[in-house]
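Residue numbers (the UniProt record's numbering): 1 to 143.
All C-beta atoms, glycine included, are put in the ideal place defined by N, C-alpha and C.
First up is the structure itself, then whatever we jot down about it.
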């Protein structure tokens with residue numbers, strides 16, 4: 001299997017959770033949470049990570065509705081992903097992100113690290129879950 005450097009993104013209205021993976025494509029790790037201010041600033045912060053990590057691909061969590069349809073929020077995420085893909089000159093792949101924030105909160109509560117005041121940590125962990133699911137799916141397709 002070829003090496004991969006990807007960023008996982010959990011895109012929200014206020015924040016973007018960001019995760020990265022090691023070159024082997026085995027393990028996703030939370031990197032940061034970007035507080036959204038403007039599109040140019042979002043691009044600038046993501047570009048720094050792309051350059052630093054030699055990123056080849058963006059994996060964006062798509063918030064499907066529970067029935068599997070694409071609702072308003074998913075369309076907003078797709079719109080942002082297309083803009084960011086063009087600005088960073090990187091391809092985008094989408095992962096179903098239904099319940100990743102719930103999973104992240106549950107995980108943090110179990111570790112006694114959850115706080116309603118630290119939504120950025122939840123977003124970062126959700127991005128990690130999104131990227132890890134993508135990596136696992138990618139690896140399974142090579143078996």
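Contact check, residue i vs residue j, beta carbons under 8 Å
i	j	result
residue 53	residue 5	yes
residue 8	residue 88	no
residue 94	residue 46	no
residue 18	residue 60	no
residue 139	residue 25	yes
residue 119	residue 15	yes
8 Å contact criterion, which residue i and residue j should meet: CB distance rounded
i	j	result
residue 91	residue 57	5 Å
Cβ shell of residue i (< 6 Å), same chain only, five flanking positions each side left out
i	result
residue 3	23
Proximal residues to residue i (C-beta, below 8 Å), its chain only, five neighbours per side dropped
i	result
residue 20	5, 6, 7, 8, 28, 29, 31, 49, 53, 55, 131
Spatial neighbours of residue i in its chain, beta-carbon cut-off 7 Å, leaving aside the 5 residues before and after
i	result
residue 96	62, 64
Problem - the segment 123–130 / the segment 27–40 touching (three or more Cβ pairs under 8 Å) - result: yes
Problem - Within the UniProt domain "YqgF/RNase H-like" (4–104), ranges of the beta strand (DSSP E) (whole runs, at least 3 residues) - result: Listed in chain order, they are 6–11, 15–21, 28–35, 57–62, 92–96.
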